[in-house]
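Those sequence lines, one after another, are chains A and B.
For the first sequence, numbering that gives the first Met the number 0 assigns the number 0 to the initial residue and increments by one for each residue that follows.
For the second sequence, numbering that gives the first Met the number 0 assigns the number 0 to the initial residue and increments by one for each residue that follows.
Working notes, beginning with the structure itself.
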Amino acid sequence: MSIKVLYFASLRETLGYSHETLTLPGTIDTVAALRGHLAKRGGAWEALQEGRNVRAAINQEMVGPETVVRDRDEIAFFPPVTGG
Amino acid sequence: MSRVSVQEADFDMAAETAALSAGRGDVGAVATFLGLVRADKLSGEGSEVTAMTLEHYPGMTEKSLEAIIVEAESRWSLLGVRVIHRHGRLLPGERIVFVGVASAHRGDAFAACEFIMDYLKTRAPFWKKEDTPEGGRWVDARESDDSAASRWET
Numbered sequence: 000m001s002i003k004v005l006y007f008a009s010l011r012e013t014l015g016y017s018h019e020t021l022t023l024p025g026t027i028d029t030v031a032a033l034r035g036h037l038a039k040r041g042g043a044w045e046a047l048q049e050g051r052n053v054r055a056a057i058n059q060e061m062v063g064p065e066t067v068v069r070d071r072d073e074i075a076f077f078p079p080v081t082g083g
Numbered sequence: 000m001s002r003v004s005v006q007e008a009d010f011d012m013a014a015e016t017a018a019l020s021a022g023r024g025d026v027g028a029v030a031t032f033l034g035l036v037r038a039d040k041l042s043g044e045g046s047e048v049t050a051m052t053l054e055h056y057p058g059m060t061e062k063s064l065e066a067i068i069v070e071a072e073s074r075w076s077l078l079g080v081r082v083i084h085r086h087g088r089l090l091p092g093e094r095i096v097f098v099g100v101a102s103a104h105r106g107d108a109f110a111a112c113e114f115i116m117d118y119l120k121t122r123a124p125f126w127k128k129e130d131t132p133e134g135g136r137w138v139d140a141r142e143s144d145d146s147a148a149s150r151w152e153t
């Protein structure tokens, strides 16, 4: 499965990436599993570990950790929002 | 004209407010909110915020603001809504956000205007980074914003 991942704000700066395209093994099928998969890269990527204050959106809608990830999804990770 | 604008440019609050009731006789109330960049003192330091840069998630930002307006329309009887949010680099005193709501009676306009701002604060993907004499600093989300939004959940 191929997905696009976006990173915003402080998370984008910490990781040094704003976006990437990933091919995932079938076992990575939820937002929580994807976070764990990315956090295993180590170093700065541990910012995505479970328990860190990171929010997620799939196809531009906020989602929870158990939401299923599908082929060609656009998944975004970011810190809690601070607009207004 | 679209109800939602996410833009770098400034806006004309008087013109936006007037547009909410222009050419119609059914609007009895227009409530507006204007948000400005504040020159906050940094905690424990003498220096102040010199500028602010707002980042957002193009596409999702517009969708989330539209969804918040639709939610407001399902709760109150509204005759018009306008939301403008700026992004990019802004200086203290500059306008950041405008919310205008038109209705027949003031209760709906007041409540919907506050609701839209509370939801915007916790659901629209904007992030503020403050420029200070010591460098850039991302603004932390506030728990008070979460509690302000949650009071609308029934």
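Just so you know, even glycine gets a beta-carbon here, dropped at the ideal spot from N, CA and C.
Values in this document were obtained by computation on a predicted structure and should not be read as measured data.
| query | In this structure, what does DSSP give as the bridge partners for Thr-60/B? | reply | DSSP lists no partner for Thr-60/B.
| message | Which residues does DSSP list as the beta-bridge partners of His-55/B? | response | Phe-125/B
| task | Ignore the nearest five residues each way along the sequence and tell me which others in Arg-11/A's own chain have a CB closer than 7 Å to its CB. | result | Excluding positions up to five away in sequence, the list reads Ser-17.
| field | Chain-ordered residues of the stretch 56-79 of chain A with a beta carbon less than 8 Å from chain B | value | Ala-56, Gln-59, Glu-60, Met-61, Ala-75, Phe-77, Pro-78, Pro-79
| request: Could you tell me which residues DSSP pairs with Thr-131/B in its beta bridges? | output: Gly-134/B.
| query | Can at least three beta-carbon pairs, one atom from the stretch 107-127 of chain B and one from the stretch 27-35 of chain B, be found at a separation below 8 Å? | reply | yes
| field | Per DSSP, the bridge partner or partners of Lys-3/A | value | Thr-20/A, Glu-73/A
| Given His-86/B as reference, the closest of Val-36/B, Glu-133/B, Ala-103/B, Val-80/B once Cα atoms are compared | Val-36/B
| Tell me, which residues are paired with Glu-60/A by DSSP? | Ile-57/A
| Taking the DSSP output, what are the residues bridged to Ser-1/B? | In the DSSP output, where bridge partners are listed per residue, Ser-1/B has none listed.
| query | Ordered along the chain, which non-local residues of its own chain (more than five positions away) have a Cβ less than 8 Å from that of Leu-145/B? | reply | Rather than Leu, the amino acid found at residue 145/B in this sequence is Asp. Correct list, in chain order: Thr-121.
| Does the count of Cβ pairs from the stretch 74-81 of chain B and the stretch 123-130 of chain B closer than 8 Å reach three? | no
| Near-chain A residues of the stretch 108-135 of chain B (beta-carbon distance less than 8 Å), N- to C-terminal order | Met-116, Leu-119, Lys-120, Thr-121, Arg-122, Ala-123, Pro-124, Phe-125, Trp-126, Lys-127, Lys-128
| query | Within this structure, are the beta carbons of Ala-56/A and Ala-46/A separated by less than 9 Å? | reply | no
| query | Is the Cβ of Val-69/B closer than 9 Å to any Cβ of chain A? | reply | no
| task | Look at the alpha carbon of Asn-58/A and the alpha carbon of Arg-69/A, and state the distance between them as a whole number of angstroms. | result | 10 Å
| request: Might you give, ordered along the chain, the residues of its own chain that have their beta carbon closer than 7 Å to the beta carbon of Glu-19/A, omitting 5 neighbours on each side? | output: Taken in chain order, the residues that qualify are Val-4.
| Name the chain B residues that come within less than 7 Å of Ser-17/A, Cβ to Cβ? | Those do not exist, as Ser-17/A stays about 10 Å from chain B at its closest Cβ, beyond 7 Å.
| task | Output, in chain order, the set of chain A residues within a Cβ distance shorter than 8 Å of Val-82/B. | result | Near Val-82/B there are no residues of chain A at all, since even the closest Cβ is about 11 Å away, more than 8 Å.
| request: Scan the stretch 43-57 of chain B for residues whose Cβ lies nearer than 8 Å to a Cβ of chain A and list them as they occur along the chain. | output: Under the 8 Å Cβ criterion, the stretch 43-57 of chain B contributes Leu-53, Glu-54, His-55, Tyr-56.
| Relative to the C-alpha of Gly-34/B, which residue among Pro-91/B, Lys-62/B, Glu-65/B, Thr-49/B is closest? | The candidate whose alpha carbon is nearest that of Gly-34/B is Pro-91/B.
| message | Can you give me the C-alpha to C-alpha distance between Val-30/A and Ala-147/B, rounded to a whole angstrom? | response | Each residue's Cα considered, the two are about 27 Å apart.
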